[in-house]
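S.K.:
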Amino acid sequence: MKKSEPEFRRRYGRMLAESFVVQLPFIGPFLVGSFALTHPGIAEQAGRELQHELIGRVNDLESIVATVARYGRDFEPIVDMPQEASQVAIALAGDLTNATGEYFLYENLSELCPQFSGREMVELLGELEYRDLVTTDATIGQEIYSVSPCPLLLTSQDPLLFENRNVHRDAAKMAALLLEDQQYYLDVYGFQEAMGWPPRRINPALYVLKECIDERRWSGERVDDLATTDLMASPRDRAALRRFIRSVNSIDSHSSET
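Sequential numbering of the sequence shown, starting at 106, is according to our numbering.
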């Protein structure tokens, strides 16, 4: 079931606002300072409690800010994107079979988006390329010969295309399993069999994990249209993965509270 673009934008904006607003209530307890003038013993205890609370809040806020920054990067391209360009973006994402190694020939895009003329399509693809959603290749006498989707196209459009699917949450599940393994190894093919996810769902999550895991630790081998067959994580990679999981869990917990 597809979600309307306005509905998704409202939900995304509300998510960002709530991520910050839920952190604001800890400001009030600073009024305890004035209370200390007449009730020093009680104020001292309150001060210690406030200190512990603030430490926890600051740690939580760090995770929230990191998450907002991550989600912001993914969804910023579509917040102010022209409606026509949004239609092309979601059509391209929706037509992908496995989301790895695929591209579109420009001459075939008229069938995918017949509502736009050739000149209009060129300009709209320029909008998408400017926003890092796609890359285009030219040839002699033709401004655009082919169009290749970028990972940002998937992370920004998949929540619009698929009900109850979140690329970051999928990536966090994969990251958690990798960290649980004693060798810090993830068999992607085995993960696919266990979860029953098609490559079209797994590959976008793999691209998100690429921000945390050095590309040299990807197998580079493809099987059954998967972007890679296995992943390994160095100590540095694992630190990035733990931070990523915390950020995703934080945004999920605050969304459920509100």
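Yeah, the Cβ is synthetic: ideal placement off N, Cα and C, and Gly gets one too.
Being a predicted model, the structure only gives us computed values, none of them experimental.
1) Going by the DSSP bridge assignment, what does proline 336 pair with across the sheet?
2) For the beta strand (DSSP E) containing aspartate 242, name the first residue and the last one.
3) Please work out which residues of its chain come closer than 6 Å, Cβ to Cβ, to aspartate 275, disregarding the five sequence neighbours upstream and downstream, and give them in chain order.
4) Can you check which of these residues, Phe267, Leu266, Leu214 and Ala277, is closest to isoleucine 249 by C-alpha distance?
5) With 16 as the cutoff for other CB atoms within 10 Å, does glutamine 262 come out buried or exposed?
6) Considering only C-alpha positions, which residue in the set Asp342, Leu266, Leu314 and Gly223 is nearest to alanine 196?
7) Does DSSP put serine 253 in a helix, in a strand, or in coil?
8) How big is the Cα-Cα spacing for phenylalanine 209 and tyrosine 294?
9) Assess, as a yes-or-no matter, whether the stretch 274-290 is touched by the stretch 335-344 under the definition of 3 or more beta carbon pairs within less than 8 Å.
10) In angstroms with no decimal places, state the Cα-to-Cα distance between methionine 300 and glutamine 288.
11) Exposed or buried, which one is tyrosine 211 when buried takes at least 16 other CB atoms within 10 Å?
12) Given that a residue counts as buried once 16 or more other Cβ atoms are within 10 Å of its Cβ, and exposed if not, what is asparagine 269?
13) Can you list, in chain order, the residues of its chain whose CB lies under 7 Å from that of leucine 229, leaving out five sequence neighbours each side?
14) Using a Cβ-Cβ cut-off of 6 Å (strictly less than) and excluding sequence neighbours within five positions of tyrosine 290, which residues of its own chain qualify?
15) What are the start and end residues of the alpha helix (DSSP H) that includes serine 222?
16) Any idea what DSSP makes of leucine 210, helix, strand or coil?
17) At what residues does the alpha helix (DSSP H) containing isoleucine 307 begin and finish?
18) Using only the alpha-carbon positions, how far apart do arginine 200 and glutamate 225 sit?
19) Which residues share a DSSP beta bridge with glutamine 262?
20) Enumerate in chain order the residues of its own chain whose CB-to-CB distance from tryptophan 323 is below 7 Å, with the five nearest sequence positions on each side excluded.
21) Between the alpha carbons of alanine 345 and glutamate 232, how many angstroms are there, rounded?
22) Which residue from Pro304, Met279, Glu298 and Ala198 puts its Cα closest to that of valine 252?
23) Taking all protein chains shown into account, do 16 or more other C-beta atoms lie within 10 angstroms of the C-beta of arginine 321, making it buried, or fewer, making it exposed?
M.R.: In brief:
1) The identity of residue 336 in the sequence shown is leucine, whereas the question assumes proline. In DSSP, leucine 336 forms a bridge with Leu291 and Trp323.
2) Taken as a continuous stretch (DSSP letters only), the beta strand (DSSP E) holding aspartate 242 covers 239-244.
3) Ala310
4) Ranked by how close their Cα comes to the Cα of isoleucine 249, the residues Phe267, Leu266, Leu214 and Ala277 have Leu214 in first place.
5) Per the 10 Å Cβ criterion, buried.
6) Leu266
7) strand
8) Near 26 Å, if we compare the C-alpha coordinates of tyrosine 294 and phenylalanine 209.
9) yes
10) Using only the alpha carbons, I get a separation of about 21 Å.
11) buried
12) Under this definition asparagine 269 is an exposed residue.
13) Glu189, Ala190, Val193 and Phe221
14) Met337
15) Unbroken run through serine 222: none, as it is neither H nor E.
16) strand
17) 304-314
18) According to the sequence as given, residue 200 is aspartate; it is not arginine. In a straight line, the C-alpha of aspartate 200 is about 20 Å away from that of glutamate 225.
19) In DSSP, glutamine 262 forms no bridge with anything.
20) Thr333 and Leu336
21) 32 Å
22) Ala198
23) Per the 10 Å Cβ criterion, exposed.
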